[in-house]
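Enquirer: Taken in sequence, the protein lines are chains E and F.
First residue of the first sequence? That's 1 in this note's numbering, and the numbers climb one at a time after it.
First residue of the second sequence? That's 1001 in this note's numbering, and the numbers climb one at a time after it.
Before I ask anything, here is the structure I am working with.
Number of protein chains: 2
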Amino acid sequence: MSKSAVLDYLKSLIDVPAIKGKLVVSRFKHFELKKGEMLLAEGQVSRRAHLLVEGYIRSFVVDSEGEEVTTSIISPQAFANDFLSYFKGEPAKENFQAITDCKTYYIGYDDMQFAFHNMPEFREFGRMILTMNYERLHEQMLSMIKHSAEERYLSLLEKDPEIFQAVPLKIIASYLNITDTSLSRIRREVSKRGG
Amino acid sequence: MSKSAVLDYLKSLIDVPAIKGKLVVSRFKHFELKKGEMLLAEGQVSRRAHLLVEGYIRSFVVDSEGEEVTTSIISPQAFANDFLSYFKGEPAKENFQAITDCKTYYIGYDDMQFAFHNMPEFREFGRMILTMNYERLHEQMLSMIKHSAEERYLSLLEKDPEIFQAVPLKIIASYLNITDTSLSRIRREVSKRGG
DNA sequence: TTCATTTCTTGTCATATGACAAGTCTTTTC
DNA sequence: GAAAAGACTTGTCATATGACAAGAAATGAA
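Now the structure itself:
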């Protein structure tokens, strides 16, 4: 997987002249993480926006009982980053951890500022990233209210079946806001009914 | 309460020349709602951004059991609007309803576009509104994970005591993601301990 | 004032979910 | 290949929360 994935991703989001696109892409650097390693810990300031090109990353926080609760599971061709921390220079409120071995391309804060400064088109990119994150979070909140754990499970299974190949059910369960025990029971029910 | 509240609010968010600020404020129009009336219903496209200057508004969605779940309680000096719908012209995903009699000043979509178009400073305003909404939602999600219903209750009581004067406990309970029954029991426990 | 409506509390009861633990099966490591 | 670690399922049991209903208190309307 080469840097062309980065350019493809940029072009899928905003309309930008090829030359400028390449200039920005040239600022991205390759990075690798082993399964279980942390990309960003709660309290740190995010200085790199990682575009995930291979593997899976999750974000999580620790609840009142000390349990890790997964708040997102990031698949390739998406950013793994706390953008509020990145843009505002504030401590991140969540942790980011590799679920599997991962490869990313990241752009440092200064290089992103350079892009914003010299290419006004890229301001649009920053706005779009924030909007997409907001929409995702909003969807997630609504889904938590409007659908049962079983519905959320089935919906994830349909929308993102690959995740189930790479991510332990314990993590998926906590992402669905239930225990692995409960998820296991849901799966039994579903398979009993579904065939 | 006059339009100066609108100007004050704008100035609190962005740095803008007085003349341009006044020009934008002049586009705001006065509006009133009676207790219980809907400001925006799920499925409609939001065409007006209402700045609440008096009263309380809530947003809510309907869960799988048909129950209304309050997702935010809006106090004066804040916008009551689905900005994703407003900016993108998509159907709103939530309902907005007056909890008490309300007064607002709103700016129509076209007037907002006019401001964006003629005054680049106001683009910053749009970005800030989205960012603030995102942060609020994120905080809310984290609080739901990291704190018990009782902690959320005490925290709201401390941060926004006025709300308890104006908003029925049933609505506050659903905002805290519990039933009014549960909230009542929490209140009993707290008052038993607290004095 | 009086009656009706809404709000809030409290009791009983049912149930979904989690805690815990045991056991199977798979994957990794040396 | 053997041992260890991790992943997943399943059973028992405890408990927090919700459903429901009744009653008290407050609010509003006629």
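Where is the CB? At the ideal position from N, CA and C, for every residue including glycine.
#1: Residues in the region 1058-1075 of chain F with C-beta within 8 Å of chain E's C-beta atoms, listed in sequence order?
#2: So which residues on chain F does E:Thr131 lean against when the C-beta distance must stay under 7 Å?
#3: Under 8 Å Cβ-Cβ, which residues of chain E neighbour F:Thr1145?
#4: Measuring straight from C-alpha to C-alpha, what distance separates F:Glu1090 and E:Pro91?
#5: Please identify, using Cβ separations under 8 Å, the residues of the region 146-157 of chain E that lie next to chain F, in order along the chain.
#6: Select from E:Tyr134, E:Leu183, E:Asn133, E:Phe125 the residue whose C-alpha is nearest the C-alpha of E:Glu151.
#7: Please list, in chain order, all residues of the same chain as F:Gly1195 whose beta carbon is under 6 Å from its beta carbon, the five residues on each side excluded.
#8: Between F:Ala1078 and chain E, is any beta-carbon pair separated by less than 8 Å?
#9: Using a Cβ-Cβ distance under 8 Å, would E:Met141 count as near chain F?
#10: Do F:Lys1103 and F:Glu1068 have their CB atoms nearer than 8 Å?
#11: Under 8 Å, Cβ to Cβ, is there at least one residue of chain F near E:Glu54?
#12: Between F:Lys1088, F:Lys1093, F:Phe1122, which has its C-alpha nearest F:Ala1018's C-alpha?
#13: Report the rounded CA-to-CA distance for F:Val1025 versus F:Leu1007, giving the unit in angstroms.
#14: Can you find at least 3 beta carbon pairs, one from the region 1128-1144 of chain F and one from the region 1056-1068 of chain F, that sit closer than 8 Å?
#15: F:Ile1014 to F:Phe1028, Cα distance in whole Å?
#16: Do we get a CB-CB distance below 8 Å when we pair F:Arg1027 with the residues of chain E?
#17: Below 8 Å between beta carbons: does that hold for E:Ala41 and E:Ile99?
Expert: With the given structure in hand:
#1: Val1061, Val1062, Asp1063, Ser1064, Val1069, Thr1071
#2: Along the first sequence, read from residue 1 onward, the residue named residue 131 of chain E stands at position 131. Ordered by position in chain F, the residues that pass the 7 Å Cβ test against E:Thr131 are Leu1130.
#3: Taking the first residue of the second sequence as position 1, residue 1145 of chain F is located at position 145. A quick correction: the sequence has Ile, not Thr, at residue 1145 of chain F. Residues of chain E passing the Cβ test: Val61, Asp63, Val69, Thr71.
#4: As a working note, residue 1090 of chain F is residue 90 in the second sequence. As a working note, residue 91 of chain E is residue 91 in the first sequence. So the alpha carbons of these two residues sit roughly 33 Å apart.
#5: Listed in sequence order: Lys146, His147, Ser148, Glu151.
#6: If you number the first sequence from 1, residue 151 of chain E lands on position 151. Checked all of E:Tyr134, E:Leu183, E:Asn133, E:Phe125; the closest Cα to E:Glu151 is E:Leu183.
#7: Here residue 1195 of chain F refers to the residue found at position 195 when the second sequence is read from its first residue. Note that F:Gly1195 scores 49 on pLDDT, short of 50, meaning its location in the model is unreliable; the coordinates nonetheless yield the value given after this. Contacts found: none.
#8: Walking along the second sequence from the start, residue 1078 of chain F turns up at place 78. So, not an interface residue.
#9: As a working note, residue 141 of chain E is residue 141 in the first sequence. True, the Cβ-Cβ gap to chain F drops below 8 Å.
#10: On the second sequence, position 103 is the one that residue 1103 of chain F refers to. On the second sequence, position 68 is the one that residue 1068 of chain F refers to. Cβ atoms of F:Lys1103 and F:Glu1068: not closer than 8 Å.
#11: Start at 1 with the first residue of the first sequence, and residue 54 of chain E comes out as number 54. The beta carbon of E:Glu54 does not come within 8 Å of any beta carbon belonging to chain F, so the residue lies off that interface.
#12: For the purposes of this step, residue 1018 of chain F is taken as residue 18 along the second sequence, with counting starting at 1. Out of F:Lys1088, F:Lys1093, F:Phe1122, F:Phe1122 has the C-alpha closest to the C-alpha of F:Ala1018.
#13: Taking the first residue of the second sequence as position 1, residue 1025 of chain F is located at position 25. Taking the first residue of the second sequence as position 1, residue 1007 of chain F is located at position 7. If you draw a straight line from the Cα of F:Val1025 to the Cα of F:Leu1007, it is about 6 Å long.
#14: no
#15: Taking the second sequence and counting its residues from 1, one reaches residue 1014 of chain F at position 14. Taking the second sequence and counting its residues from 1, one reaches residue 1028 of chain F at position 28. Rounded to the nearest angstrom, the two C-alpha atoms are 17 Å apart.
#16: The count along the second sequence starts at 1 and reaches residue 1027 of chain F at position 27. Chain E contact via Cβ: absent.
#17: Looking up residue 41 of chain E in the first sequence gives position 41. Looking up residue 99 of chain E in the first sequence gives position 99. No, the Cβ-Cβ distance between E:Ala41 and E:Ile99 is not below 8 Å.
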